[in-house]
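I have placed the structure first, in the form of C-alpha cells, so that the comments after it can refer back to it.
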Amino acid sequence: MSYKTVEVELQDGHVRPRGPETLPARAHGLLTLLHSSAPPAALTCSELADRWQLIEKLPAEEASAFADDVEQARAKLPALKPSWD
C-alpha cells in the first residue's frame with residue numbers, strides 16, 4: 017500500500033473525518049493520503065446493521081447443519097488450561 021503524509025491546517029472544521037471521529041474547529045496536524053487501492057474504512061454499527069438486512073441467509077436446514085458441525089468441532093477441542101497451571 018502506498019501513502020503520503022502532509023502537514024495541514026484545520027480551520028472551522030473544513031477537513032471531515034471518515035468515520036465517527038470528530039475534529040476540533042481549529043488545529044494543526046498531519047494528513048495521510050492513502051492510495052485508492054487501500055481497504056475501505058470500517059463500517060459503523062448502524063451501517064453494518066443496514067447491510068445485514070441485505071445479506072443472503074442460509075436456509076434453515078443448512079444453518080442447522082452448520083451449527084451442528086460447529087458444535088461437534090468445539091466438542092473435539094482440548095479443554096483450555098488456566099495460565100497459572
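Take the sequence shown: its position 85, counting from 1, is numbered 101 in the working numbering, and each next residue is one higher. All C-beta atoms in this analysis are idealised placements derived from N, C-alpha and C, irrespective of residue type, glycine included. Values in this document were obtained by computation on a predicted structure and should not be read as measured data.
Residue i vs residue j beta-carbon contact at 9 angstroms
i	j	result
Leu64	Lys20	no
Leu46	Glu25	no
Leu59	Arg67	yes
Reduced DSSP secondary structure (H/G/I, E/B, other) of residue i
i	result
Glu77	helix
Val102	Only positions 17 to 101 of the chain appear in the structure, and residue 102 is not among them; the question remains open.
Leu96	coil
Glu23	strand
Ala58	coil
Glu63	helix
Residues sharing a beta bridge with residue i, DSSP
i	result
Leu47	Val22
Spatially closest choice to residue i from the options, by CA coordinates
i	options	result
Leu57	Pro40, Pro36 and Asp66	Inspection of the sequence shows that residue 57 is occupied by Ala rather than by Leu. Closest by alpha carbon: Pro36.
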